[in-house]
Structure formats: structure tokens, C-alpha cells
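These notes concern the structure reproduced below.
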Amino acid sequence: MSILISNHPTASTPRVGTEVGTGLARQLHRLAPRAAITTATAGRYADGGGLYLVVATSGSRKWVFRFRWKGRLSDMGLGSASVVPLSRARERAAEARLKLAEGINPLAAKRAARSIPTFGQFADDLVESVKSQWRNEKHQKQFQSTLERHAADLRPLRLDDIETAHVLDALKPIWASNPETASRVRGRIERVLDAAKAKGYRSGENPARWKGHLDQLLPKRAQLTRGHHAALPFSDVPAFIQDLRSRPGMSALALEFTILTAARSGEVRGATWREIDLEKRVWTVPADRMKAGREHRVPISKRAAEILGQVALLAGDDAEAFLFPGPKGARTSLSDAAFSALLKRMGKDGVLTPHGFRSSFRDWAGETTTFPRDVAEMCLAHAVGDMTERAYRRGDALSKRRELIDAWSLYCEGGASKLVDDAEADQ
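Under full-length UniProt numbering, the very last position in the sequence shown is 427; numbers go up by exactly one each time.
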């Protein structure tokens with residue numbers, strides 16, 4: 001039985017006392033609503049059910065929940081009375097009593113909850129701890145930026161509080177309109193939550209899991225529009241090149257160089273003069289800038305070399321200068337939006353993408369020339385053959401690829417119309 005020692009309380013003043021028994025006070029809500037504001041005398045004021053207002057000699061006030069666990073009395077702080085109102089303190093005390101009824105130590109549960117980070121904190125730490133797995137800083141930033149932008153509502157949530165509904169709220173706004181990004185975001189959320197479970201911060205199923213879970217709640221990939229990069233038919237490329245050459249500016253030169261080398265736009269925008277050997281007419285892209293993570297040598301055609309000659313003066317002797325610098329100087333690269341802005345000025349925005357010219361090159365090589373398929377694929381830095389075949393291949397067919405790239409450059413200038421016949425005549 002609990003014994004409450006009081007200071008002769010009245011109906012309008014809170015009771016003061018110390019609980020020394022084994023149970024909780026039976027009477028609830030004994031404090032007046034203004035007690036937390038007006039009570040000035042130091043002491044412990046009981047509200048019932050284990051909830052107390054504790055007033056210190058300094059005048060500070062706080063809420064405390066007193067309970068007995070395994071024969072020992074413990075106090076659990078519920079917040080400052082200047083911040084937490086009486087109604088909220090009662091709710092917290094009720095939650096603590098419920099945990100006790102379920103056989104859970106509320107103080108231990110509170111301490112454990114404090115140690116569980118939010119989704120945002122944990123995601124940022126995870127990116128930092130596994131950043132060595134990404135080939136370059138760009139991929140790391142893409143992983144992090146997509147979570148910051150599309151999973152923003154998850155970031156303040158504690159890891160163990162995240163449920164399926166939270167994940168769906170993040171994905172639904174982009175699931176139909178931007179399926180590629182949505183799929184990546186889902187996978188990245190799943191990875192963060194899997195890592196959280198491995199750390200002991202979560203238990204149970206991953207609410208971002210696709211198979212057998214979200215696939216029952218969202219449209220299947222087959223029902224979504226998964227488009228390819230917009231590409232120009234290869235027959236229209238020569239005319240496009242002529243139009244491109246009439247356009248002033250660095251982005252026009254960079255885009256033509258991109259088309260002539262059949263390279264990815266990011267590889268071109270990030271290229272520095274250290275990678276270029278003009279004497280041998282070879283551009284060597286280091287492994288950490290390649291999608292496949294392997295060094296790639298790119299043959300430079302005569303026209304591509306002429307383009308480099310036009311921009312060489314901007315770099316001087318700086319080997320770290322970009323081939324196609326941005327407006328802020330040789331040590332800054334063209335932005336992602338440079339090509340998009342150029343295509344918009346040409347009236348091609350929404351119709352063409354820089355990456356699509358790789359498809360134009362591949363279609364042209366496959367349909368109008370007799371160059372082997374493998375040579376064309378290697379020009380695109382695609383993996384050729386199975387793992388065993390690639391393990392035994394030591395060369396990169398540079399000389400054969402040079403012939404194909406030179407032929408492509410000639411075609412782009414409108415000077416090759418019978419490549420199939422010419423190739424057959426040489427055999």
C-alpha cells in the first residue's frame with residue numbers, strides 16, 4: 001500500500017509527498033492545471049499514478065515518473081514543466097504505466113530509444129562508411145541527394161518508427177511520373193533500412209522491400225513507362241552536325257566531340273588534358289570515371305582533334321584543366337545542364353538527349369557497315385563476351401575501333417554513303 005505524506009492540501013493546492021510503498025498512487029489527476037506554473041515551494045508534488053511535479057530550490061520545475069522495477073524504485077524524467085504541459089506529462093506517464101503492464105522497463109525503453117538515430121542521420125553515416133564502394137564522388141552524391149530530395153519526410157523519423165505507409169508516401173509522388181528515379185529511391189531506402197536492422201536499430205520485415213510487399217501496393221515495372229534516351233535517327237545526324245557547327249560556344253564544341261567519340265556526356269564534361277595524347281590521337285579515360293570501372297581508350301578522329309585544337313589555348317600548360325571548361329575558368333567543367341540548354345536553343349529539347357547519339361552511332365554501325373559487332377560495342381565501352389572470355393582478352397582492339405570511329409566521323413560530315421561496299425571491297 002502506498003503512503004502519501006502531504007502538506008495539508010486543499011482543493012486548490014497541489015499535494016506534496018513521497019511515495020514509499022510498493023504500488024502507484026491510485027488517485028489520478030490530483031494536481032491543479034496551474035500547478036506547474038504557480039507552485040514555488042521546493043518539493044515533490046504528486047499527480048497520481050506515479051507522476052510528480054518536482055520543484056527544485058532554484059525554482060526550476062520538471063516532471064518525473066516514479067515506478068518500482070524488480071523491487072527497486074526508479075525515477076524517469078518526463079521533461080521540463082516550463083516546456084511540457086501537465087496534459088502531455090500525464091500522457092507520458094500513462095505510456096510508461098502501459099509499458100510496466102506489458103513487462104517493459106519504461107526507463108530502459110527510453111534510454112534505448114534515445115540511442116536509435118533518425119533515418120537521415122543513419123543514411124548520412126552509411127554513405128560515409130561505404131563511400132569507397134562507389135567509383136567516383138558523383139555516384140556517392142547521387143545516392144545521397146536522391147534520399148535527401150525524395151525521402152525528405154523519412155529523414156526526421158527514428159529508424160524503428162518507419163513503416164510501409166511512410167515509404168509509400170515517399171514513393172507515390174514520383175512512381176508514375178519518374179519511374180527510374182522512384183525505383184532507385186526505393187532500393188536506396190531498402191538498403192538503409194537493411195543496414196539499420198543489421199545494426200540492431202530495427203526488427204521485422206523491411207517496409208521498402210519490393211518482392212512480396214510493395215509489389216502488391218504499387219504498379220509493377222512492366223506497367224510503368226520505361227523509356228530509352230531520345231535518339232536521332234542516324235540518317236539525320238550529318239544535318240544535325242552542320243547545324244551544331246553554326247552554333248557558337250563551348251557547349252556546341254563539347255557536344256560535337258561527344259557525338260564523334262560515341263562517349264557518354266559525363267565522360268566528356270569531366271575530361272582533362274592529362275587524359276589526352278594528341279600525338280597518338282588517344283583519349284584515355286581513367287577507370288574511376290567510367291561506368292564499368294575500367295580504363296577506356298578512345299580513338300580521336302581528325303575532326304575531334306581539330307575541336308581539341310580550338311579549345312587548347314584556354315588550358316595553356318595546365319594538365320588538370322578541363323577540355324571543355326565552364327564559364328568560371330579552365331578548372332571548372334561544363335554543367336549537366338549545358339547540353340540541355342544547347343538542345344533547347346536548337347529546338348530539340350524533349351526530342352534529343354546527348355546520350356541518345358550513342359544509339360545513333362550503334363544503329364549506324366550495325367545497319368550500314370560491316371564492322372564486327374564487338375568492335376562497335378567496345379567503342380561504346382560495353383562489356384563484350386562472358387566473364388571467361390573477358391578474363392582472357394588483354395587487348396582493346398584500339399586500331400579496329402579507330403577505323404570505325406574515323407568512318408563515323410566521316411559519315412557525320414556527310415562524306416561517307418557507301419561504307420558497306422567500301423568495307424567489302426577492302427576484304
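All residues carry an ideal CB built from backbone N, CA and C; glycine is no exception.
Treat the numbers as computed from the prediction; the structure is a model and nothing was measured.
Have a look at A304 and G329 and give me their C-alpha separation to the nearest angstrom. Residue 304 sits at position 304 when you count from the first residue of the sequence shown. Residue 329 sits at position 329 when you count from the first residue of the sequence shown. Their Cα atoms are separated by approximately 22 Å.
Tell me the residue span of the alpha helix (DSSP H) that contains H166. The residue given as residue 166 occupies position 166 in the sequence shown. Element bounds for H166: 164 to 175.
List the DSSP bridge partners of L51. Residue mapping note: residue 51 aligns to position 51 of the sequence shown, counting from 1. Answer is G48, F65.
When you compare only the Cα positions, how much space is there between R184 and P85? The residue given as residue 184 occupies position 184 in the sequence shown. The residue given as residue 85 occupies position 85 in the sequence shown. Distance between the alpha carbons of R184 and P85 is about 43 Å.
Opposing strand residues paired with L232 [DSSP bridges]: Here the question's residue 232 lines up with position 232 in the sequence shown. None, per the DSSP bridge assignment.
Alpha helix (DSSP H) runs wholly inside the stretch 90 to 127, at least 4 long, in chain order: Listed in chain order, the alpha helix (DSSP H) elements of length 4 or more contained wholly in the stretch 90 to 127 are 106 to 115.
What span of residues does the alpha helix (DSSP H) with D406 cover, start to end? Locating residue 406 in the sequence shown gives position 406, where the first residue counts as 1. Its alpha helix (DSSP H) spans residues 398 to 412.
Nearest residue (CA-CA) to P354, options V237, Q310, I276: Counting from one through the sequence shown, the residue named residue 354 turns up at place 354. Restricting attention to V237, Q310, I276, the CA atom closest to the CA of P354 is found in V237.
To which residues of the same chain is D406 closer than 8 Å at the C-beta, ignoring the five residues directly before and after it? Here residue 406 refers to the residue found at position 406 when the sequence shown is read from its first residue. Close CB contacts of D406 within its chain, under the 8 Å cut and outside five residues either way in sequence, are with P299, S301, K302 (chain order).
Helix, strand or coil, according to DSSP, for F322 in the structure here? By one-based count along the sequence shown, residue 322 stands at place 322. DSSP places F322 in strand when its eight states are reduced to three.
Report the residue from K138, A56, G48, L51 whose alpha carbon sits nearest the alpha carbon of R289. As a working mapping, residue 289 is identified with position 289 in the sequence shown. It is K138.
Can you give the Cα-Cα distance for L217 and S145, rounded to whole angstroms? Working through the sequence shown from its first residue, we reach residue 217 at position 217. Working through the sequence shown from its first residue, we reach residue 145 at position 145. Looking at the two C-alpha atoms, the distance is approximately 25 Å.
DSSP state of W283, grouped into three classes? The sequence position of residue 283 within the sequence shown is 283, counting from 1. Under the three-state reduction of DSSP output, W283 falls in the strand class.
Under 6 Å Cβ to Cβ from L343, same chain only, skipping five residues before and after it: list those, please. Start at 1 with the first residue of the sequence shown, and residue 343 comes out as number 343. Cβ neighbours of L343 beyond the five flanking positions: D349, L352.
DSSP beta-bridge partners for M76? Translated into positions along the sequence shown, residue 76 becomes position 76. DSSP lists F65 as the bridge partner or partners of M76.
Please report how far the alpha carbon of R44 lies from the alpha carbon of G79, in whole angstroms. Along the sequence shown, read from residue 1 onward, the residue named residue 44 stands at position 44. Along the sequence shown, read from residue 1 onward, the residue named residue 79 stands at position 79. The alpha-carbon of R44 is positioned some 15 Å away from that of G79.
Quick one: is S129 buried, meaning 16 or more other Cβ sit within 10 Å of its Cβ, or exposed? Here residue 129 refers to the residue found at position 129 of the sequence shown. With fewer than 16 Cβ atoms within 10 Å of its Cβ, S129 is classed as exposed.
If we count the other Cβ atoms within 10 Å of its Cβ and call it buried at 16 or more, is C412 buried or exposed? Walking along the sequence shown from the start, residue 412 turns up at place 412. Answer is buried; the Cβ neighbour count reaches 16.
In whole angstroms, what is the alpha-carbon distance linking G366 and A376? To locate residue 366, count along the sequence shown from 1; it is residue 366. To locate residue 376, count along the sequence shown from 1; it is residue 376. Going from the Cα of G366 to the Cα of A376 covers about 8 Å.
Taking its Cβ as the centre, do 16 or more other Cβ atoms sit within 10 Å of I104, making it buried, or is it exposed? Working through the sequence shown from its first residue, we reach residue 104 at position 104. I104 should be labelled exposed.
Counting Cβ pairs closer than 8 Å, one from the stretch 319 to 327 and one from the stretch 267 to 283, do we hit at least three? Here the stretch 319 to 327 lies against the stretch 267 to 283, with 3 or more beta-carbon pairs under 8 Å apart.
Starting from the Cα of L73, find the closest Cα among A101, R90, L107 and give me that residue. Here residue 73 is taken as the residue at index 73 of the sequence shown, counted from 1. Of the candidates A101, R90, L107, the one whose C-alpha sits nearest the C-alpha of L73 is L107.
Endpoints, the alpha helix (DSSP H) within which T332 is located: As a first step, residue 332 must be located in the sequence shown, where it is residue number 332. Per DSSP, T332 lies in no alpha helix (DSSP H) segment; the continuous beta strand (DSSP E) that holds it begins and ends at 329 to 333.
Given a cut-off of 9 Å on the beta-carbon distance, is the pair A151 and R209 in contact? The residue you call residue 151 lines up with position 151 of the sequence shown. The residue you call residue 209 lines up with position 209 of the sequence shown. It is not a contact, given that the beta carbons lie outside the stated cut-off.
Pick from R97, P33, R362, R401 that is closest to S235, judged by C-alpha positions: Translated into the one-based positions of the sequence shown, residue 235 becomes position 235. It is R362.
Just mark I162 as buried or exposed, buried being the case when its beta carbon has 16 or more other beta carbons within 10 Å. Against the sequence shown, residue 162 aligns to sequence position 162. Of the residues assessed, I162 falls on the buried side of the cut-off, its CB having 16 or more other CB atoms within 10 angstroms.
Counted within 10 angstroms of its Cβ, other Cβ atoms place S359 as buried (16 or more) or exposed: Locating residue 359 in the sequence shown gives position 359, counting from the first residue. Classification of S359: buried, given that the 10 Å Cβ count is 16 or more.
Can you grab the Cα-Cα spacing for the pair K172 / D194, in whole Å? Along the sequence shown, one-based indexing puts residue 172 at 172. Along the sequence shown, one-based indexing puts residue 194 at 194. Taking the straight line joining both Cα atoms gives about 21 Å.
Spatial distance of S409 from G266 (CA atoms): As a working note, residue 409 is residue 409 in the sequence shown. As a working note, residue 266 is residue 266 in the sequence shown. One C-alpha to the other measures close to 20 Å.
Does V185 come out as helix, strand or coil in the three-state DSSP assignment? Here residue 185 corresponds to residue number 185 of the sequence shown, with the count starting at 1. Correct three-state label for V185: helix.
Neighbourhood of H29 by C-beta, 8 Å cutoff - its chain only, sequence neighbours within 5 removed: Your numbering for residue 29 matches position 29 in the sequence shown. In the same chain as H29, and ignoring 5 residues on each side of it, the C-beta atoms closer than 8 Å to its own belong to D47, G48, R90, in chain order.
Taking a contact to mean a Cβ-Cβ separation below 9 Å, would you say L232 touches G347 in this structure? The sequence position of residue 232 within the sequence shown is 232, counting from 1. The sequence position of residue 347 within the sequence shown is 347, counting from 1. Taking C-beta atoms as the reference points, L232 and G347 fail to come closer than 9 Å.
According to DSSP, simplified to helix, strand and coil, what is P299? Here residue 299 refers to the residue found at position 299 of the sequence shown. Residue state, collapsed to three classes: strand.
Sort R264, V54, I116 by Cα distance to S82 and report the nearest one. Walking along the sequence shown from the start, residue 82 turns up at place 82. Comparing alpha carbon positions, the residue from R264, V54, I116 closest to S82 is V54.
Anticipated Cβ contact below 8 Å, R297 with L398, distance rounded: Your numbering for residue 297 matches position 297 in the sequence shown. Your numbering for residue 398 matches position 398 in the sequence shown. That belief holds up - the Cβ atoms of R297 and L398 are roughly 6 Å apart, short of 8 Å.
So who's on the other strand from I276, going by DSSP bridges? For this step, residue 276 is matched to residue 276 along the sequence shown. DSSP lists W283 as partners of I276.
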